[in-house]
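Everything in the sequence shown is counted per my numbering, starting at 196 for the first residue and increasing by one.
For glycine and all other residues, C-beta sits at the position ideal for the given N, C-alpha and C.
This report refers to the structure that appears directly beneath it.
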Amino acid sequence: MSADASTDTVQPIEREQMEFDVIIVGGGPSGLSAAIRLRQLAIEAGNDEFSVCVVEKGSEFGAHILSGAVMEPRALTELIPDWKEKGAPVHVAAKEDRVYMLKNATKYRQLPNKIVPALMHNDGNYIISLGNLVRWLATQAEELEVMMFPGFAAAEVLYGEDGSVRGIVTGDMGVAADGEPKASFEPGYELLAKYTIFAEGCRGHLGKRLVKRFNLDDGRDPQHYGIGLKELWEVEPDKHELGVVMHGSGWPLSETGSTGGWWLYFDENNQVSFGLVVDLSYTNPYVSPFDEMQRLKTHPVISSILQGGKRLSYGARALAKGGLNALPKLYFPGGVLVGDDAGFLNPAKIKGTHTAIKSGMLAAESVYAAIASGRAHDEVASYEDAFKNSWLHEDMYQARNFAGAMHRMGTWMGGAFNFLDANIFKGKMPLTIRDTTPDYAALERADHALVPDYPKPDGKLTFDKLSSVFISNTNHAEDQPCHLRLTDPAIPITRNLKIFAEPAQRYCPAGVYEVVPDGAGSAKFVINAQNCVHCKTCDIKDPSQNITWVTPEGGGGPNYPNM
């Protein structure tokens, strides 16, 4: 048995082993749905000894979950038909869509519904806190006797002599920053299974390695990403319109030629979910997604709602936007990818919860059938077949051109194309638009770029990064190895600073990266890993692909309430 040789974090020490039928890495909507479906199938078959475990790096299930979120309930209804009776936190029906184009800092146009792409309409959907839905799904899994391990990070993949996946190693606890064990040292566990389902979310650090090891992305477009930044606000009651769903694009991203869009959802208790998605295909190295979000709040469409309110929480997370064209092969010997670990997000709908739940269910059904037939550690090709024959494939197929059109044509022309594709051709236009430039390769030189004017935060409507990180409840044990690894420590200064003005200072939404004077007339690159909200943007956008995000100690990172 061997661990992934691409890192050196697994120590040659004795580890306790635990064996299961299936291990699931990640306790988000796809992972928990897979766990629930596996146990449902086992109970239906009278196979109560069928064992499933879920490892989750957050301190609790839901701690690291962040999304807008408006959810299509279709997949949840398939998984748990009586979710309403069981008290799922899904209460606020979307009652009205409003879509805006912001022309500049003060002017805007509200688009008539008839010219909004059909896939952006939200009839029958619900405004939810995805974090709270995940907490509820975790209780459903526990009731089905799924073994639940919050606070345990999956650090490495275990492989058999034949190269198949045999399980995972959880991270060691109590390792000092210099790599030496502290008095509190506890070795991680080797968790072994017939099959392992990887459900880490966007840019999963093990999923990324598996894609490379098994060439799962051969013949696919490179995955494309956005960074989603979210604030939860409590607004004045007379400004709150329960069930209203607002989306928009244009200013301020249009000033730098960037693309993306914002949302504002009116949830329960006078709360609104406000956020911005910035496509990580942007070209200007001076763009700061966090500061674009703060600037966006000064537009009258947004400020008229938030002013006088109270900001409750903040967070950020990357999301996969490549759609169907960028989906990797979903299976490999001993395991499968589900949810955003594979890229199951519909970019046209700006939704990934229903796709995550459905992908977890399809994977569970295929893996359970393989084990029931006496198989283990081989390729579960039936999972990809099930996907291609499901409504999930149709859902993804209809949106296959969305991201490519927006990236290659821009907001206006891309929006017009997507209207024709969705409303006239019903997602079946006889061509596919591809975007084959990886996001990290899109940056232009800093000496060619416009420097945006980001206003100083006022502490009432607009804020700085550090005060925002504070209300994300982010924490890591300080004396531990840095989980943001530089392949070459010199590159941030010798290459990235010279060519791109070191964009990590700006694309990171948590103030993790700084360039500071070194006292000798030069500059040094500083990593404040304690601030990291686990968004993975650095792993994606670094133009030298010199930063690798790996898991810190289990339980570290943000602790999002109601996000």
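When secondary structure is reduced to three states using DSSP, Val329 falls in the helix class.
The secondary-structure analysis by DSSP pairs Trp428 across a beta bridge with Val467 and Arg506. Annotated three-state conformation of Glu251 is strand, per DSSP. Pairing Val265 with Lys544, the inter-Cα distance amounts to about 10 Å. Excluding the 5 residues flanking it on each side, His316 has same chain C-beta neighbours closer than 7 Å at Asp292, in chain order. Under DSSP, Asn541 forms a beta bridge with Lys546. According to DSSP, Pro712 shares a beta bridge with Ala718. Residue nearest to Val439 within the set Glu426, Val467 and Gly414 is Val467 (criterion: CA-CA distance).
As DSSP reads the structure, Leu532 sits in a beta bridge with Phe393.
Look at Ser739 here: in three-state DSSP terms it is coil, with no helix or strand label.
Within the same chain, Trp446 come within 7 Å of Asn299 by CB-CB distance, once the 5 residues on both sides are set aside. When DSSP states are grouped into helix, strand and coil, Gly226 belongs to the helix group.
Taking the C-beta atoms as reference points, Met556 is found nearer than 8 Å to Glu273.
Beta-bridge pairing by DSSP links Asn670 to Gly752. Judged by DSSP secondary structure, Gly402 falls within the alpha helix (DSSP H) whose first and last residues are His400 to Arg408. Between Ser246 and Met342 a beta carbon distance of about 7 Å is seen, short of the 8 Å cut, so the two are scored as contacting. With respect to the 8 Å criterion, Ile275 and Gly223 are not classified as neighbours on the basis of their beta carbons.
Taking 8 Å as the cut-off, the Cβ atoms of Ile500 and Lys425 do not count as close. For Leu491, the enclosing alpha helix (DSSP H) has its first and last residue at Pro484 to Leu491. Following the DSSP letters along the chain, one finds Ile219 inside the beta strand (DSSP E) bounded by residues Gln212 to Val220. Here the segment 449-463 does not lie against the segment 410-418, with fewer than 3 beta-carbon pairs under 8 Å apart. If the five residues before and after Ser498 are omitted, its C-beta is found closer than 8 Å to the C-beta atoms of Lys492 and Leu656, all from its own chain and listed in chain order.
Of Asn584, Val562, Ala567 and Ser585, the smallest CA-CA separation from Glu574 is found for Val562.
For the segment 312-390, the full-length beta strand (DSSP E) segments reaching 3 residues or more read 342-345, 349-354, 360-365, 368-370 and 376-381 along the chain. CA-to-CA, the gap between Arg595 and Asp357 works out to about 36 Å.
Separation of Glu395 and Tyr420 (C-alpha to C-alpha, rounded to the nearest whole angstrom) is 15 Å. DSSP places Phe658 in the coil class of the three-state scheme, outside both helix and strand.
If you look at Tyr578, you'll find it in the alpha helix (DSSP H) that goes Ala576 to Lys583. For the options Pro345, Gln335, Asp462 and Gly253, the alpha carbon positioned closest to that of Ser324 is the one of Asp462. Nearest neighbour of Glu748 by Cα position, chosen from Ser262, Ala350, Gly263 and Trp331, turns out to be Ala350. A Cβ-Cβ distance of about 11 Å is found for the pair Phe720 and Val707, leaving them out of contact under the 8 Å criterion. DSSP places Gln700 inside the alpha helix (DSSP H), whose first and last residues are Ala699 to Tyr702. In the structure shown, Asp462 falls within a coil segment according to DSSP collapsed to helix, strand and coil.
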